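Residue numbers (the working numbering): 29 to 164.
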């Protein structure tokens, strides 16, 4: 597995929408520069990590789910956060990602985060992970 931090474009990812969607993601990747796991030339998954400790978006290819690629990226993010002297990471997390990924990496729920997306009610969670024991 190769983990990259920048230079990612959405072209290798399967597109499920129109050109406007693709352009939005192209601009987002240029700005966010996600950390990416590449396995045998394919993108296995990625995590967006902002300089302030915000873990903004995660994706794992169904073919690569459960194989440790996302955990490898998250470990590198933890290392980078510590090198950058951050004291915590935080994220807005779906119920699935909460239990299957973030809690396993030490994140804890701060609060529920009910909101709407295109008029559809959504519940996700604000989570955080303190990088230094006793810092919270």
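Where is the CB? At the ideal position from N, CA and C, for every residue including glycine.
Because the structure is a prediction, the values reported are computed rather than measured.
Candidates the options, of which the one nearest residue i by Cα
i	options	result
residue 139	120, 69, 145 and 150	120
residue 63	127, 160, 109 and 142	109
residue 99	143, 137, 129 and 48	129
residue 77	161, 114 and 141	114
residue 90	146, 70, 149 and 112	70
residue 112	56, 79, 131 and 161	79
residue 83	50, 118 and 61	118
Nonlocal neighbours in the same chain, by C-beta distance under 7 Å from residue i, ignoring five residues either side
i	result
residue 35	Note that residue 35 scores a pLDDT of 38, beneath 50, so its modelled location is shaky; the value from the coordinates is reported in the next line. For residue 35, where only same-chain residues beyond five positions count, there are no Cβ hits under 7 Å.
residue 148	none
Supposed contact pair residue j and residue i - C-beta distance, whole angstroms, cut 8 Å
i	j	result
residue 105	residue 75	6 Å
residue 97	residue 67	7 Å
Proximity test, residue i beta-carbon vs the ligand GTP heavy atom, cut-off 7 Å
i	result
residue 47	For the structure depicted, the ligand GTP is absent and the ligand set is empty, with no information on it obtainable.
Same chain, Cβ closer than 6 Å to residue i, five either side skipped, listed in chain order
i	result
residue 135	155 and 157
residue 133	102
residue 87	73 and 74
residue 145	none
residue 47	none
CB contact flag (residue i, residue j, <8 Å)
i	j	result
residue 92	residue 72	yes
residue 85	residue 126	no
Residues near residue i by beta carbon distance below 8 Å, same chain, minus five either side
i	result
residue 141	120, 151, 152, 153 and 154
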